[in-house]
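Residue numbers (full-length UniProt numbering), protein chains in the order written: chain A, 1 to 574; chain B, 1 to 574.
Each residue gets a CB set at the ideal place from its N, CA and C atoms; glycine is no exception.
Structure record follows, encoded as structure tokens.
There are 2 protein chains.
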Amino acid sequence: MRTSQYILATLKETPSDAEIVSHQLMLRAGMIRRLASGLYTWLPSGLRVLRKVEAIVRDEMEKAGAIEMLMPVIQPADLWVESGRWEQFGPELLRIKDRHNREFALGPTHEEVITEFVRKEISSYKQLPLNLFQVQTKVRDEVRPRFGVMRAREFTMKDAYSFHLSDTCLDATYRVMHQAYCNIFERIGLEYRPVIADTGSIGGSVSHEFHVLAESGEDAIAFSSGSDYAANIEKAEAVMPTEARPEPSKDLNTFATPEAKTIDELKKKHGVKPHRCVKTLIVYGTPNEDGQRGLVALVVRGDHELNELKAEKHPLCDSPLEFAKDEDIIANLGAAPGSLGPVGLSIPVIVDRSASILADFVAGANKDGEHYSGINFDRDVTQYDIADLRNVVEGDISPCGQGTLSIKRGIEVGHIFQLGTKYSEAMKAGVLNEEGKNQIMTMGCYGIGVSRIVAAAIEQHNDKNGILWPQSIAPFQLAIVPMNMHKSHRIPDIAERIYQELSAAGIEVLFDDRKERPGVMFNDMELIGIPHTLVIGERNLDNNQVEYKSRDGQTAELFDVENVVAELIAKIRG
Amino acid sequence: MRTSQYILATLKETPSDAEIVSHQLMLRAGMIRRLASGLYTWLPSGLRVLRKVEAIVRDEMEKAGAIEMLMPVIQPADLWVESGRWEQFGPELLRIKDRHNREFALGPTHEEVITEFVRKEISSYKQLPLNLFQVQTKVRDEVRPRFGVMRAREFTMKDAYSFHLSDTCLDATYRVMHQAYCNIFERIGLEYRPVIADTGSIGGSVSHEFHVLAESGEDAIAFSSGSDYAANIEKAEAVMPTEARPEPSKDLNTFATPEAKTIDELKKKHGVKPHRCVKTLIVYGTPNEDGQRGLVALVVRGDHELNELKAEKHPLCDSPLEFAKDEDIIANLGAAPGSLGPVGLSIPVIVDRSASILADFVAGANKDGEHYSGINFDRDVTQYDIADLRNVVEGDISPCGQGTLSIKRGIEVGHIFQLGTKYSEAMKAGVLNEEGKNQIMTMGCYGIGVSRIVAAAIEQHNDKNGILWPQSIAPFQLAIVPMNMHKSHRIPDIAERIYQELSAAGIEVLFDDRKERPGVMFNDMELIGIPHTLVIGERNLDNNQVEYKSRDGQTAELFDVENVVAELIAKIRG
């Protein structure tokens, strides 16, 4: 490709609305442009990368035995009603009406559509297992689209769905997909980790996310120092401390705290150490056997954070978790948030494991402007449950039993689920089993954010001058930069010949034939992140040589003009 | 691919809701399944064909210098308001609202989005010309989706848009695209024709459609016997007859026609020959200089059909053309449709060219239940315009001046337009020209219905047993059918070895390893339309031979087992 016949669209300035480096560089390198909030046009260079990611994903899926098909973006509402998700899904599901006022959704995922397809098409256990995938445009009406294609409203996803007669068979395919995902990220050349994950709104039991590790990642991941254990912090278990709770040594006393409503204020104004006090958070739930909705108290240590996903899994709490309104708290408990605590509460109290081994601790007295000191469980708080309610922190004991946890940031680029029968049960997707009886299938689903991988790769591979593409997904393999081509006779000839020969050999070359100063050209090629550059200039040509440079700055060498094509091919294919 | 690990999904019965052969065969051959009205899932075999068409289109576009990018399906309404199409486009434009109640459209085409992109990104004439394309999902909320993927609501399209400083430059790119389209259809292996077309709702001046010729085509195309001239009947000019109008020989007379309101009834009940009478059609328009809306009469010969697109281009008529309501006709003209004619009308009369050379002809008398005979222009009808108002018919003189016209049916699979400044003017898309002044760009646009090509290819290439794919887009190149494989020792070994060797050589093989009777397997492979089949059976193996058959029934030969792989590769690569 010649730059003169291409849209380079590089920008010198960093666009002010781009917060993270991948978004900035995708704009600056002319990969994407914003059409509207969360809607992006892929420019030629961006699309080349996207297609390469797509091709690797497709190839590994096929190697793993999955079969490609293509489902519509527009999905009839009745299937979503049948699965129950028409009600469950929030406004992220973009709902539309056609000219006949019939309801449809723009698909964020395709569980319903594929289950509808399989229940109609597959009738016998002999046709199982089946693993079907597509690479397709997805729509999710994000409440806050941001970070460019990282969290867009329209994006490209690879989604696969597997169907089985037994959980054993599902587990086998799940493992194959797990390996295929590892192969994909290895092959692209990304530092990644599969981590144990929550199943969220997709449902199911077992689930793993695949994260590209990067400082800018939205997710926190807990890694064990003693094993391969890795889990999204949403899911990582905070184990029961091994030490026993000390015996009470202090009496229960109130003290006035009119200006201390937060842990931080308690510390500053009263010298209370955060790990020696507790936070009491009030949520809605079903506290009594009568099934009436009411309030539930959650207690975590002052220096810990509530993990909402863990809390909402407790049978007493609503799911999704909802914090109680101030007026409900005051009406029921007689005090406002900031002065609440577990002593003498008339509602159920659930205590986090780490908080449950505190003795002589501090908490609100359920009277505005007062706290208790010297609180002890069993003596002062007699009715309570113990549960894992908090996010793990650095140094926690790993739930695998070996080593301690450290926390890193990651970008979720893949997510695989053992769905079980969530959709097949709701939609009555069964086959005849070996005994000739109808049996509901069990399902897995496997997603990869194809467009998000492009951004994640940049988050992991950039420097001050621009992108450093892994060779596997670079938009071009080599840039040819002829210096001051228009002032020379021999430079254009040699550049053209090398360009032609490399192109004929199947190398993807960007030939910068613009009438620009060499500096401008180098900057653009570095910004775009092309792994290999060939510089053709008068001075080296006097010695019949041309200069090779790698984008990572590791290599710079001179080649004789005669050998350069063969040398470059060897280097690129190497 | 092994059929045991694939979704063949062939059907024995023809689905009752499929009207045309391509829709029937795409369902029966397991290429598509209906999800909802106008929404189809592409099954593995269908998707393989779709991707091959896409690859050929992409390759020829790139060879022609176009650059690929990818724009969102979801487009902000404000761009459509700016171009004026938010109002102009009917309910085919699927309009949606996001969670913030902002309006968007699901793109049926991308003129607005690309013009928005180019006006922001391109600032100088030096960056022109530019030809950008995408292969993408399009949405059109058809009033009556039908014929499977032929007229679907969600479909795959290649759309390209070119930008120029001058019409000369636009014309040059238009010619390049015309040739690229010819290359695409040649390469796929379709009998096609480029035809002169109307520009419709896209706008612009010059336009060609590309039609795949097939009996089932929705469009009628007029071909000249004497030249390359071909035009959509919507657009084909009915030239002014060369013969002069005869002198009047009869007096104007009324006759009672209480039961003759149609041309057919006039013929049956009164012996009037259709080509000796005229139809008078009343439409809305702007008949007077005051600009007030009123009625206009259109007169065509009794045996001819009004061409609405021609009529709406007449300055007196509304565009789009609207036929007058009966009550307006009766109130203004004093008679109902069925008794109307050009004599003594108080509204403007536009007479079709062929009707204008009639003498002594018959028409309604503008009095219910009465007709005139012996009508003559100038004597009985003094005020009238002459224009081309009708569809051409077989035997008409070709507008190219050579030969006569014949009419064939075609399926529109491509459409190219010289748009001019319709969008760039409305959206103020200019660049600095050589004089440093802002100049509005001129545009072309070039569409191909990628998914529709798949159906069109089947319409043209099928027989009673199924599809006959052109080799270029067949889902598989070769089928291996081992007969009664499970009763034999040597058949599985030989079949497996041939399958492995051909696959390794890059041949796309469908290996039918099902435990089915040979008849079932042959039927399926023929239905799917795989161009080459290799049959492996005991009897031929006794002579160390296997049998080759071509899908078109032209070739059947025996190969020695030793040579078969090389022979097949030679045959397929031909």
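Does Trp86 of chain B come within less than 8 Å of chain A when only Cβ atoms are used?
Within the second sequence, the letter at position 86 stands for residue 86 of chain B. Taking Cβ atoms only, chain A never reaches closer than 8 Å to Trp86 of chain B, which makes this a no.
Hey, does Met69 of chain A have any beta-carbon neighbour from chain B nearer than 8 Å?
By one-based count along the first sequence, residue 69 of chain A stands at place 69. Closer than 8 Å to some Cβ of chain B, the Cβ of Met69 of chain A qualifies, so yes.
With distances taken Cα to Cα, identify the nearest neighbour of Asp78 of chain B among B:Arg102, B:Asn523, B:Ser424.
By one-based count along the second sequence, residue 78 of chain B stands at place 78. Closest option to Asp78 of chain B, Cα to Cα, is B:Arg102.
Local conformation of Gln471 of chain A per DSSP, three classes
Along the first sequence, read from residue 1 onward, the residue named residue 471 of chain A stands at position 471. Helix.
Considering Tyr174 of chain B, what are the terminal residues of the alpha helix (DSSP H) in which it resides?
In the second sequence, the residue the question calls residue 174 of chain B occupies position 174. First-last of the alpha helix (DSSP H) with Tyr174 of chain B: 167-188.
Short CB-CB distance (under 8 Å) between Leu43 of chain B and chain A:
Taking the second sequence and counting its residues from 1, the one referred to as residue 43 of chain B is at position 43. Taking Cβ atoms only, chain A reaches closer than 8 Å to Leu43 of chain B, which makes this a yes.
Coil, strand or helix - Ser503 of chain A by DSSP:
Taking the first residue of the first sequence as 1, we reach residue 503 of chain A at position 503. Three-state result, Ser503 of chain A: helix.
On the three-state DSSP scale, how would you describe Leu534 of chain A?
For the purposes of this step, residue 534 of chain A is identified with residue 534 of the first sequence, where counting begins at 1. Residue state, collapsed to three classes: strand.
Starting from the N-terminal side, write out each stretch of the alpha helix (DSSP H) that is 4 residues or longer and does not extend beyond the region 312-369 of chain B.
326-333
In the DSSP assignment, what are the bridge partners of His164 of chain B?
Taking the second sequence and counting its residues from 1, one reaches residue 164 of chain B at position 164. In DSSP, His164 of chain B forms a bridge with B:Thr442.
Please classify Gln75 of chain A as buried or exposed, where buried requires at least 16 other C-beta atoms within 10 Å of its C-beta.
Mapped onto the first sequence, residue 75 of chain A falls at position 75. Flag for Gln75 of chain A reads buried.
If we define contact as Cβ-Cβ less than 8 Å, is Val139 of chain A a contact residue for chain C?
Of the chains in the structure shown, none is chain C; the protein chains are A and B.
Taking only beta-carbon positions, decide if Ile507 of chain A is within less than 8 Å of chain B.
Stepping through the first sequence from its first residue, residue 507 of chain A is reached at position 507. It does not: the Cβ of Ile507 of chain A has no partner Cβ on chain B nearer than 8 Å.
Start and end residues, alpha helix (DSSP H) containing Ala74 of chain B:
Position 74 of the second sequence, counting from 1, holds the residue named residue 74 of chain B. Going by the sequence as given, residue 74 of chain B is Ile instead of Ala. Premise fails: Ile74 of chain B lies in the beta strand (DSSP E), 74-76, not in any alpha helix (DSSP H).
Which residues mark the beginning and the end of the beta strand (DSSP E) in which Gly420 of chain A is found?
Locating residue 420 of chain A in the first sequence gives position 420, where the first residue counts as 1. Unbroken beta strand (DSSP E) run through Gly420 of chain A: 405-420.
Run through DSSP, which three-state label would Tyr40 of chain A get?
Translated into positions along the first sequence, residue 40 of chain A becomes position 40. If DSSP states are grouped into helix, strand and coil, Tyr40 of chain A belongs with the strands.
Does DSSP put Tyr284 of chain A in a helix, a strand or coil?
The count along the first sequence starts at 1 and reaches residue 284 of chain A at position 284. Strand at Tyr284 of chain A.
For Gly410 of chain B and Thr109 of chain B, what's the separation of their Cα atoms in angstroms?
The residue given as residue 410 of chain B occupies position 410 in the second sequence. The residue given as residue 109 of chain B occupies position 109 in the second sequence. Taking the straight line from one Cα to the other gives about 22 Å.
Leaving out five residues on either side along the sequence, give the residues of the same chain with a beta carbon under 8 Å from the beta carbon of Ser124 of chain A.
Within the first sequence, numbered from 1, the residue matching residue 124 of chain A stands at position 124. Cβ neighbours of Ser124 of chain A beyond the five flanking positions: Val431, Leu432.
For chain B, check one thing: does any of its Cβ atoms lie closer than 8 Å to the Cβ of Glu121 of chain A?
Counting from one through the first sequence, the residue named residue 121 of chain A turns up at place 121. It does: the Cβ of Glu121 of chain A has a partner Cβ on chain B nearer than 8 Å.
In whole angstroms, what separates the C-alpha of Met61 of chain A from that of Ala180 of chain A?
Walking along the first sequence from the start, residue 61 of chain A turns up at place 61. Walking along the first sequence from the start, residue 180 of chain A turns up at place 180. Cα to Cα, the separation comes out at about 7 Å.
At 7 Å on the CB atoms, spell out the chain B contacts of Ala9 of chain A, in chain order.
Within the first sequence, numbered from 1, the residue matching residue 9 of chain A stands at position 9. Neighbours of Ala9 of chain A on chain B, chain order: Glu121.
Run through DSSP, which three-state label would Asp560 of chain A get?
The sequence position of residue 560 of chain A within the first sequence is 560, counting from 1. Asp560 of chain A falls in the strand class under three-state DSSP.
Contact list for Ala36 of chain B against chain A, beta-carbon separation under 7 Å
Position 36 of the second sequence, counted from the start, is the residue given in the question as residue 36 of chain B. Residues of chain A passing the Cβ test: Pro76.
To the nearest angstrom, report how far apart Val535 of chain B and Thr14 of chain B are at their CA atoms.
Here residue 535 of chain B refers to the residue found at position 535 of the second sequence. Here residue 14 of chain B refers to the residue found at position 14 of the second sequence. If I take the Cα positions, the gap works out to 27 Å.
Note down the Cα distance separating Met177 of chain B from Val546 of chain A, rounded to an integer number of angstroms.
Stepping through the second sequence from its first residue, residue 177 of chain B is reached at position 177. Stepping through the first sequence from its first residue, residue 546 of chain A is reached at position 546. Going from the Cα of Met177 of chain B to the Cα of Val546 of chain A covers about 38 Å.
Should Ser162 of chain B go down as buried or exposed, given a rule of 16 or more other Cβ atoms within 10 Å for buried?
One-based indexing of the second sequence puts residue 162 of chain B at position 162. Buried, because 16 or more other Cβ atoms sit within 10 Å of the Cβ of Ser162 of chain B.
Enumerate, from N- to C-terminal direction, the unbroken beta strand (DSSP E) stretches of 3 or more residues contained entirely within the region 208-277 of chain B.
219-224, 230-232, 253-256
Cβ-based contacts, 8 Å cut-off: residues of the region 148-181 of chain A near chain B
Arg153, Glu154
Could you tell me whether any Cβ in chain B is nearer than 8 Å to the Cβ of Val565 of chain A?
In the first sequence, counting from the first residue as 1, residue 565 of chain A sits at position 565. No, Val565 of chain A lies away from the interface with chain B (no Cβ there is under 8 Å from its Cβ).
At a CB-CB cut-off below 7 Å, which residues of chain A make contact with Asp98 of chain B?
In the second sequence, the residue the question calls residue 98 of chain B occupies position 98. By Cβ distance, chain A contributes Leu94, Asp141.
Quick one: is Tyr446 of chain B near chain A, going by C-beta distance under 8 Å?
Taking the first residue of the second sequence as 1, we reach residue 446 of chain B at position 446. False, the Cβ-Cβ gap to chain A never drops below 8 Å.
Can you give me the start and stop residues for the beta strand (DSSP E) that Ile96 of chain A sits inside?
The residue you call residue 96 of chain A lines up with position 96 of the first sequence. Unbroken beta strand (DSSP E) run through Ile96 of chain A: 94-97.
From this set, A:Asp167, A:Leu333, A:Ala365, which residue's C-alpha is nearest Leu252 of chain A's C-alpha?
In the first sequence, residue 252 of chain A corresponds to position 252, counting from 1. Taking each of A:Asp167, A:Leu333, A:Ala365 in turn and checking the Cα distance to Leu252 of chain A, the smallest one comes out for A:Ala365.
When the Cβ atoms of the region 164-174 of chain A are set against those of the region 408-428 of chain A, are three or more pairs found closer than 8 Å?
yes
Measuring alpha carbon to alpha carbon, tell me which residue in A:Val450, A:Pro470, A:Ile114, A:Lys408 is nearest Ser225 of chain A.
Taking the first residue of the first sequence as 1, we reach residue 225 of chain A at position 225. Ranked by how close their Cα comes to the Cα of Ser225 of chain A, the residues A:Val450, A:Pro470, A:Ile114, A:Lys408 have A:Lys408 in first place.
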